[in-house]
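Report on one structure; see the data block that follows.
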Ligand SMILES: Nc1ncnc2c1ncn2[C@@H]1O[C@H](COP(=O)(O)OP(=O)(O)O)[C@@H](O)[C@H]1O
Ligand SMILES: [Mg+2]
């Protein structure tokens with residue numbers, strides 16, 4: 001197997017006594033979309049900032065594109081593109097001026113820049129708006145322009161820190177199409193998000209909680225290996241009442257509400273279905289449907305975080 | 320080089336779009352120079368005074384007339400008794416009192432030493448010193464005249480004794496206009512505040528806006544980043560200097576006796592110091608507000624210890640020593656020299672050397688502190 005694009009060993013960052021990132025280790029294969037998931041404050045940005053050379057790690061080691069982040073930070077910088085969590089292009093420059101400036105900052109020749117400019121504009125969907133001041137763009141456009149500027153110099157690896165934060169669902173989907181496009185060109189994408197549903201778009205995932213990695217793998221692996229107990233998707237009347245009733249039953253392992261239905265985790269599929277219908281029937285609640293489903297990643301993460309914390313309160317991790 | 324030029328270009332585009340640019344660059348220096356040019360007038364005239372004639376003789380009246388007519392004093396009151404003077408001085412209505420004691424005329428007539436009493440309000444030390452000097456010189460002149468009159472009378476006709484008069488001549492600033500002395504220094508002040516502020520704000524603003532984070536991940540080297548950020552401000556500083564000199568010449572008629580080229584070179588050497596300070600401020604500040612306070616904290620000693628108002632030679636030895644590390648000290652000497660005396664390279668190279676050495680040291684310190692990291 002080729003050398004991984006990113007290799008992280010026990011990377012730790014403390015701010016005073018507070019451990020923001022606690023000995024995380026992982027590898028990212030080349031050309032993949034690597035998702036780093038976690039709630040706000042989990043330590044995602046801090047990890048990314050260490051990998052991009054913005055912060056010095058307290059301890060541990062990492063290589064990015066084969067370069068050690070401590071010893072060769074400037075080589076790392078040539079190999080990567082970075083899009084920070086906060087919009088960080090110049091609001092008082094136009095779209096074309098921002099692209100021109102970052103092109104120059106990355107040492108692109110005028111000719112190379114002239115070639116890349118239309119490509120970036122196309123990628124961001126900003127053809128015809130070259131002369132607009134960047135601060136007048138909507139959030140979705142800004143994010144796409146920021147992505148364009150981050151890949152202007154054709155890096156092998158890009159780090160995207162919550163690129164879809166604060167963007168409407170349609171724009172989020174479009175943004176993920178862009179990320180897929182980058183991946184198809186062979187670029188390694190390291191992306192963080194606190195939207196758990198976005199994990200489905202990734203090839204490989206790590207869930208980070210309070211500075212520690214609590215689960216990892218491909219979406220499929222996670223769904224099949226982490227949760228062994230069957231999950232039933234129950235469609236019934238008065239679902240909030242139904243949830244409260246079922247939560248008190250000893251044979252119910254985990255519960256949650258998903259849209260207009262309940263996800264109930266039980267020991268055995270057949271028996272579970274029967275018990276649910278009987279229990280709710282006694283309260284006069286009609287069960288329309290109770291099908292076994294593949295656990296969603298949200299189920300996985302809730303399970304993992306509850307496991308870690310001992311009890312529930314993991315609802316916070318949900319979007 | 321391409322990276323540096325990109326930053327320089329970007330800075331100019333941003334400056335051009337900044338609506339605050341014109342006021343900061345052209346309105347504020349004019350305001351400062353007008354304000355300080357008129358306020359920083361150290362000449363003392365029309366000192367509010369009271370006179371108290373306890374003698375009421377012809378001699379005392381003659382003496383006080385001379386005092387009153389000198390033009391330096393305006394008489395606020397003529398109290399009859401000593402005790403009535405106090406309220407004027409204490410209440411700040413008079414800065415000076417002249418008292419002619421009883422027996423003044425008789426003593427003079429009897430060729431005995433006579434004295435007058437001068438009371439000054441020491442809390443206004445500048446005014447007091449100057450007022451006492453004027454009053455003393457008036458008294459001396461009067462005394463001299465009396466002596467000569469007497470000599471003439473005693474000796475009868477014959478060759479007149481030579482009148483020895485110490486005449487003070489002021490060179491370079493013949494009208495002793497303190498405004499001429501102040502205005503070159505104001506150029507230094509404007510230049511210093513402008514460049515420190517622009518440099519520190521220019522960098523801290525990028526930290527605040529988050530764009531610094533994006534700059535740090537580019538392969539731009541720290542020295543390229545610094546050069547790219549500071550070059551535009553150097554240029555602006557020179558334009559600013561030219562503008563302030565023009566206002567000084569055309570509005571205040573401040574002389575420019577030396578070489579303009581040397582003046583600009585000195586400004587450049589001075590800006591090496593102030594831009595380094597701006598850079599330093601940016602490395603210790605997270606917000607523009609912090610940068611502002613740090614700048615004020617730096618600028619105050621630069622003004623006071625640099626000899627803006629009080630000459631360095633009059634400071635206590637310790638402060639004189641400290642002032643050696645203050646770039647304004649050298650710049651004020653250089654710029655006053657060039658503008659008022661027409662001083663050239665032979666006289667001013669020590670100042671130029673001091674500015675270069677200090678500036679290089681400050682720059683090295685700031686560059687070492689400036690790291691391409693977030694914390
Ligand atoms: N410079 C800093 N100083 C002190 N604490 C910090 C600093 N940066 C981040 N933190 C803390 O570290 C934790 C992780 O932050 P971050 O990595 O930004 O989380 P995420 O990106 O997952 O939301 C948070 O609790 C945050 O308050
Ligand atoms: Mg974050």
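Protein chains in written order, with this note's numbering: chain A, 1 to 319; chain B, 320 to 694.
From the three backbone atoms N, C-alpha and C, an ideal C-beta is built for every residue, glycine too.
Near residue i, what residues of its chain come up, given a Cβ to Cβ distance below 7 Å and the 5 sequence neighbours on each side ignored?
| i | result |
| --- | --- |
| residue 308 of chain A | 209 and 214 |
| residue 304 of chain A | 207, 214, 215 and 226 |
| residue 658 of chain B | 503, 573, 574, 575, 576 and 577 |
Under 9 Å between beta-carbons, which chain A residues line up against residue i? List them in chain order, please.
| i | result |
| --- | --- |
| residue 324 of chain B | 104 |
| residue 548 of chain B | Those do not exist, as residue 548 of chain B stays about 12 Å from chain A at its closest Cβ, beyond 9 Å. |
Rounded to whole angstroms, what is the Cα-Cα separation between residue i and residue j?
| i | j | result |
| --- | --- | --- |
| residue 35 of chain A | residue 608 of chain B | 38 Å |
| residue 404 of chain B | residue 463 of chain B | 28 Å |
| residue 357 of chain B | residue 586 of chain B | 24 Å |
| residue 543 of chain B | residue 320 of chain B | 8 Å |
| residue 541 of chain B | residue 534 of chain B | 10 Å |
| residue 180 of chain A | residue 279 of chain A | 46 Å |
| residue 112 of chain A | residue 37 of chain A | 35 Å |
| residue 82 of chain A | residue 623 of chain B | 47 Å |
| residue 487 of chain B | residue 451 of chain B | Unreliable positioning characterises residue 487 of chain B in this predicted model, as indicated by a pLDDT of 46, which lies under 50. The coordinate reading is nonetheless provided below. About 17 Å. |
| residue 64 of chain A | residue 4 of chain A | 9 Å |
| residue 115 of chain A | residue 106 of chain A | 15 Å |
| residue 316 of chain A | residue 176 of chain A | Confidence at residue 316 of chain A is low in this model, with a pLDDT of 41, below 50, so its placement is unreliable and the value that follows should be read with caution. Cα to Cα, residue 316 of chain A sits roughly 24 Å from residue 176 of chain A. |
| residue 122 of chain A | residue 555 of chain B | 38 Å |
| residue 301 of chain A | residue 88 of chain A | 31 Å |
| residue 129 of chain A | residue 96 of chain A | 8 Å |
| residue 662 of chain B | residue 328 of chain B | 37 Å |
| residue 631 of chain B | residue 616 of chain B | 20 Å |
Restricting to Cα atoms, I'd like to know which of the options is closest to residue i.
| i | options | result |
| --- | --- | --- |
| residue 230 of chain A | A:132, A:89 and A:294 | A:294 |
| residue 680 of chain B | B:654, B:625, B:591 and B:662 | B:591 |
| residue 337 of chain B | B:524, B:615 and B:556 | B:524 |
| residue 665 of chain B | B:559, B:435, B:581 and B:510 | B:581 |
| residue 396 of chain B | B:389, B:385, B:408 and B:390 | B:408 |
| residue 691 of chain B | A:31, A:12 and A:52 | A:52 |
| residue 355 of chain B | B:567, B:455, B:633 and B:422 | B:567 |
| residue 641 of chain B | B:661, B:437 and B:620 | B:620 |
| residue 343 of chain B | B:674, B:510 and B:646 | B:510 |
| residue 171 of chain A | A:238, A:124, A:48 and A:109 | A:124 |
| residue 71 of chain A | A:84, A:56 and A:85 | A:56 |
| residue 94 of chain A | A:145, A:78 and A:50 | A:145 |
State buried or exposed for residue i, treating a residue as buried only when at least 16 other CB atoms are found within 10 Å of its CB.
| i | result |
| --- | --- |
| residue 539 of chain B | buried |
| residue 350 of chain A | Residue coverage of chain A in this structure runs from 1 to 319, which leaves residue 350 of chain A outside it and unanswerable. |
| residue 480 of chain B | Residue placement at residue 480 of chain B is flagged as unreliable, the pLDDT there being 46, under the threshold of 50; the coordinate-derived value follows with that caveat. Counting Cβ neighbours within 10 Å, residue 480 of chain B comes out exposed, since fewer than 16 surround it. |
| residue 204 of chain A | buried |
| residue 10 of chain A | exposed |
| residue 143 of chain A | buried |
| residue 513 of chain B | buried |
| residue 573 of chain B | buried |
| residue 286 of chain A | exposed |
| residue 260 of chain A | exposed |
| residue 466 of chain B | exposed |
| residue 637 of chain B | exposed |
| residue 288 of chain A | exposed |
Note down, in chain order, each residue of its chain lying with its Cβ closer than 8 Å to the Cβ of residue i, except the 5 sequence neighbours on either side.
| i | result |
| --- | --- |
| residue 687 of chain B | none |
| residue 269 of chain A | 230, 232 and 292 |
| residue 241 of chain A | 283 and 285 |
What in chain B is Cβ-close to residue i, meaning under 9 Å?
| i | result |
| --- | --- |
| residue 92 of chain A | 332, 333, 336 and 337 |
I want to verify the contact list: residues of chain B whose CB lies under 7 Å from the CB of residue i, in sequence order.
| i | result |
| --- | --- |
| residue 97 of chain A | 332 |
| residue 82 of chain A | 536 |
| residue 52 of chain A | 536 |
| residue 154 of chain A | Neighbours of residue 154 of chain A on chain B: none; closest Cβ ~13 Å, over 7 Å. |
| residue 71 of chain A | By Cβ distance, chain B contributes nothing, its closest Cβ being about 15 Å from residue 71 of chain A, past 7 Å. |
Between residue i and the rest of its own chain, which residues show a CB-CB distance below 6 Å, the 5 nearest in sequence each way excluded?
| i | result |
| --- | --- |
| residue 43 of chain A | 20, 21, 208 and 211 |
| residue 696 of chain B | With chain B running from 320 to 694 in the structure shown, residue 696 of chain B is simply not present. |
| residue 340 of chain B | 334 |
| residue 47 of chain A | 21 |
For residue i, return the contacting residues in chain A, with the cut-off set at a CB-CB distance below 8 Å.
| i | result |
| --- | --- |
| residue 537 of chain B | 77, 102, 105 and 106 |
| residue 526 of chain B | Per Cβ cutoff of 8 Å: no residues; residue 526 of chain B is ~11 Å from chain A at best. |
Could you name the residues of chain A that residue i contacts, counting a contact when the two beta carbons are closer than 7 Å?
| i | result |
| --- | --- |
| residue 639 of chain B | Neighbours of residue 639 of chain B on chain A: none; closest Cβ ~43 Å, over 7 Å. |
| residue 321 of chain B | 104 and 107 |
Just the chain B side, please: which residues come within less than 8 Å of residue i by C-beta, in chain order?
| i | result |
| --- | --- |
| residue 89 of chain A | 530 and 533 |
| residue 353 of chain A | Absent from the structure is residue 353 of chain A, since the part of chain A shown begins at 1 and ends at 319. |
Cβ of residue i within 8 Å of any heavy atom in ligand 3?
| i | result |
| --- | --- |
| residue 15 of chain A | By its list of ligands, the structure shown excludes ligand 3, since it contains just ligand 1 and ligand 2. |
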